[in-house]
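Residue numbering for the sequence shown follows this note's numbering, beginning at 311 and increasing consecutively. Built from N, CA and C at the ideal position, the CB exists for glycine as well.
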Amino acid sequence: MQEFINFLKLDLLVAQPQTFTCLLFCFSFLDPLPKNLFKRLLIITVIHSVYTDILILILPFPIHLLNSVISGALLVFMIFKELRPKTKILLVFFMLILSMITDIISSAIIVYSLGISTHSEIIREPSTLMRTLYPQLLLLLIASWFIRNKNLFSARRFFSFIVEDNRKSLMQVILLIAIQFCLLGTMQILHITYDNSNKILNAIMIYLIILVSLLALVSIIRLVIRTREQAAKTTQEVYIDDINDMFTSIRGQRHDFLNHVQVIHTMAQMGKTEQLKNYVGDLVKETRDVSDIVHHSSPALAAFVQAKIAVSLGKGIQFTYELPDKWEAKETTIKVIDIIKIIGNLVDNAFDETMHLPQEERHVFASIRSQEDGSIALKVSNRGRAITTDDRLQIFKPGYTTKGEGHSGLGLAIVQERVKHYKGALELVSDEKEGLTVFKVCLPEVSA
């Protein structure tokens, strides 16, 4: 009878509060939160706690732990069917690690501070377990409330990044580290109970931890290699269009060279000196526009400006720019590739907008300035239609575009994401009377 009473106390006052709190903390990272979250978590808590606690006095501790993990995972998969399998797997492992941490802390306090040294004694004294467990659960409840209600974007974004990331290596590393942590926690709990029969289990745990650690090390190395490859691919994707545009301009100049020579020769033979001067002047200006920027101190910015000049010449747009004479921004502060992502998307949008105007009215200006305080100021302005109030509320959302079919609507979303990454400021001014739209970006210096 006493064992049954202890079981009820353990289930109602320890297991269920711990399970519910750990589940709630883990699910608080989801955005948006599942419907009827509290009700569904309560169902999982009651079923899981009753089922596992009934068997706690029968099963050996390692088997009980494995049974608890499997039953908890099955309940999460059945009750939260709308969630992706990857999300549910991560939530189960997250909850398992959290429960393990609370168990280790409680067991350590009970054994080393209160002198209760066996697992059976801990089970027979639920009140002692409650005194060590409840403060931890209270902290978790407060933290989960802040995550859900105070819009802790960084915490939710971190979890979303893990869920949305398509690299299998990252998932393998996370799962292996979770398994490693669980094995370490199990070994620690077996150790502090001073049960001599656990020596063989401890040895098995040690070898399993070594094996999992080696697998995790291999997965981390693979992840680093793939991350470098992905970074190189991303850089290539940023520059490839600009380089192709620059090559197109060079090929066009080479292709037209013979035509220009023939025109010059004909004008010279006809004695049309004034027309020849004007023609050669226009030709030299076009060539110089593409060539002058080559000697800039930043090859990346030089290639970017060259490419945009080539595009503007092809579209009949008067493109002017301003660059610092000497580029001193370091890759450890604000990366050049991100600057090009931001101003490149703004310039592309400006080009698209000015194409609605007659050729003589197509003006686009772009500037990159390095400020004395280490910040970077970017500015892009263009003539064209004013941006309406409704469009201002929508244009930074991924997929939204005012250009019609053939456009992804991702340009300004990328701009906003990069600006937020550097905790910068983005300002939009669109004057309908003057027909001028200006985007201003300020990127503060980031410590290395």
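| Asked | Found |
| --- | --- |
| Can you give me the C-alpha to C-alpha distance between Ala723 and Val615, rounded to a whole angstrom? | 22 Å |
| Can we say the region 438-449 touches the region 393-404, given the rule of at least three CB pairs closer than 8 Å? | no |
| Could you give the first and the last residue of the continuous alpha helix (DSSP H) run that contains Thr747? | Unbroken run through Thr747 is the beta strand (DSSP E), 746-753; no alpha helix (DSSP H). |
| In this structure, what does DSSP give as the bridge partners for Gln628? | His673 |
| Going by C-alpha to C-alpha distance, which of Val522, Leu322, Val621, Asp658 sits closest to Tyr359? | It should be pointed out that residue 359 corresponds to Ser in this sequence rather than to Tyr. Checking every option, the nearest Cα to that of Ser359 belongs to Leu322. |
| Looking at C-alpha atoms only, which residue of Leu443, Met481, His666 is the closest neighbour of Ile399? | Met481 |
| Of the residues Asp592, Glu742, Ser409, Lys636, which one's Cα is nearest the Cα of Pro609? | Lys636 |
| Can you check which of these residues, Glu682, Met665, Glu670, Ile686, is closest to Ile653 by C-alpha distance? | Ile686 |
| Could you tell me if Val621 is buried or exposed, where buried requires 16 or more neighbouring beta carbons within 10 angstroms of its beta carbon? | buried |
| Are there 16 or more other CB atoms within 10 angstroms of the CB of Thr583, so buried, or fewer, so exposed? | exposed |
| Applying the criterion that 16 or more other CB atoms from any shown protein chain within 10 Å of the CB defines a buried residue, is Ala758 buried or exposed? | With a pLDDT of 46 at Ala758, under the threshold of 50, the predicted position of this residue should be treated as unreliable, and no value is reported. |
| If we ignore side chains and look at the alpha-carbon of each, how far apart do Thr642 and Tyr732 end up? | At Thr642, the pLDDT of 45 sits below 50, so the modelled position is not reliable and the matter cannot be decided from this model. |
| Any contact between the region 735-744 and the region 688-706? By contact I mean 3 or more CB pairs, one from each, below 8 Å. | yes |
| When you compare only the Cα positions, how much space is there between Leu347 and Lys625? | 55 Å |
| Out of Leu340, Val356, Phe491, Pro342, point me to the one whose CA is closest to Leu318's CA. | Val356 |
| Please state the DSSP three-state secondary structure of Lys689. | strand |
| Quick check: what's the CA-CA separation for His673 versus His575? | 33 Å |
| Going straight from the alpha carbon of Tyr631 to that of Asp658, what length do you get? | 14 Å |
| Under DSSP, the beta strand (DSSP E) around Asp741 begins and ends at which residues? | 735-741 |
| Could you spell out where the alpha helix (DSSP H) holding Leu340 opens and where it closes? | Taken as a continuous stretch (DSSP letters only), Leu340 belongs to no alpha helix (DSSP H), as it is neither H nor E. |
| Could you pull out every residue in the same chain whose Cβ sits closer than 7 Å to the Cβ of His666, ignoring the five residues on either side in sequence? | Gly694, Arg695 |
| Figure out for me which residue from Leu447, Lys730, Val751 has the closest Cα to the Cα of Ser825. | Residue 825 lies beyond the stretch modelled for the chain, which goes from 311 to 758, so this question has no answer here. |
| Pull up the distance between the alpha-carbon of Ile415 and that of Tyr444, whole angstroms please. | 12 Å |
| Is the beta carbon of Ile697 closer than 8 Å to that of Lys656? | The residue you asked about is not Lys; residue 656 is Leu in the sequence shown. No. Outside cutoff. |
| For Ala325, which residues in the same chain have their Cβ closer than 6 Å to its Cβ, ignoring the five residues on either side in sequence? | Ser359, Asp363 |
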